[in-house]
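Residue numbers (my numbering), protein chains in the order written: chain A, 940 to 1128; chain B, 4 to 90.
By construction, the Cβ of each residue, glycine as well, lies at the ideal position given by its N, Cα and C atoms.
Right, here's the structure in full:
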């Protein structure tokens, strides 16, 4: 390998080559069509503005992804610090003698013997998606990264700039709410 | 997550959630299992949690790489991009 290939940028071809790839990348992480579209657009714009900074060591695609990644983090920071942000409902007593015990209305109910078979039901997928979508954005993003994208804990903490204990609190609350939502809308409907 | 042996339902289910990703420590798992012997609510949670993990595994395969921009969206994007390039 005598000549090391230097990568170049061809913005004319970006849409054909990378629009879907970037869109997919964004939507799996933020789970919002319109926002994903906007972020792809912004990524291309930033790419054009910053094209003089491209050194040709990474591929064009890798370079564009690194820009998109930053935009996703920025977005996460924004929703995380937003005032009046949507929170999950509390499921446990937060103080007093029963601190940490289930709140009456959140106690898990029995799902019946067929629950195991139910997961083969294709309509369940729709219910699952609706329940995931009902999670507040901050929770949904972390939950999907960890569960669907199978990210390492460290990776998410780095990418979103949160601590690992913070991550597990988010996952815990997301799953508690998800379970309750499936119970109310599917298993014990 | 602390040293005490007896844990609350909140803590037990936290460990149970962490365990869905194989990331609970041995000590956590011992405390969780002991709690599950005594608490039928968390026992139910634990069983259902496993089921949800299974469901999510199915769901994960079902939605891989299926999202695309429409042709119109791409054209729209192209217009905007060309404007930027012309600047």
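{"Item": "Going straight from the alpha carbon of residue 1126/A to that of residue 1105/A, what length do you get?", "Value": "30 angstroms"}
{"Item": "Report all residues from its chain with a CB closer than 7 angstroms to the CB of residue 1060/A; omit the five preceding and five following residues, and keep chain order.", "Value": "none"}
{"Item": "Give me the subset of the stretch 954-976 of chain A whose CB atoms are less than 7 angstroms from a CB atom of chain B, sorted by chain position.", "Value": "954, 958, 959, 962, 963, 966 and 976"}
{"Item": "Assign residue 58/B to one of two classes, buried (16 or more other C-beta atoms within 10 Å of its C-beta) or exposed (fewer than that).", "Value": "buried"}
{"Item": "If you follow the alpha helix (DSSP H) that residue 1065/A is in, where does it begin and where does it stop?", "Value": "1062-1072"}
{"Item": "Please list, in chain order, the chain B residues whose beta carbon lies closer than 8 angstroms to that of residue 950/A.", "Value": "84 and 88"}
{"Item": "Tell me whether residue 1041/A sits in a helix, a strand or coil according to DSSP, three-state version.", "Value": "strand"}
{"Item": "Within its chain, find whatever has a CB closer than 8 angstroms to the CB of residue 56/B; leave out the 5 residues flanking it on each side and keep chain order.", "Value": "23"}
{"Item": "Counting only beta-carbon separations shorter than 8 angstroms, does residue 31/B have a partner in chain A?", "Value": "no"}
{"Item": "Where residue 26/B and residue 986/A are concerned, what is the direct C-alpha to C-alpha distance, given to the nearest angstrom?", "Value": "38 angstroms"}
{"Item": "Quick one: what does DSSP say residue 66/B is sitting in, helix, strand or coil?", "Value": "Because residue 66/B carries a pLDDT of 49, less than 50, the predicted location of this residue cannot be relied on, and the following value inherits that uncertainty. In this structure, residue 66/B counts as coil in the three-state DSSP scheme."}
{"Item": "Tell me the rounded alpha-carbon separation between residue 967/A and residue 1084/A.", "Value": "8 angstroms"}
{"Item": "Please determine, among 951/A, 1015/A, 1031/A and 1103/A, the residue with the shortest C-alpha to C-alpha distance to residue 77/B.", "Value": "951/A"}
{"Item": "Evaluate residue 983/A with the Cβ neighbour count: other Cβ atoms within 10 Å of its Cβ, from every protein chain shown; 16 or more gives buried, anything less gives exposed.", "Value": "buried"}
{"Item": "Below 8 angstroms CB to CB, which residues in the same chain sit around residue 1124/A once its five sequence neighbours on both sides are set aside?", "Value": "1066, 1069 and 1070"}
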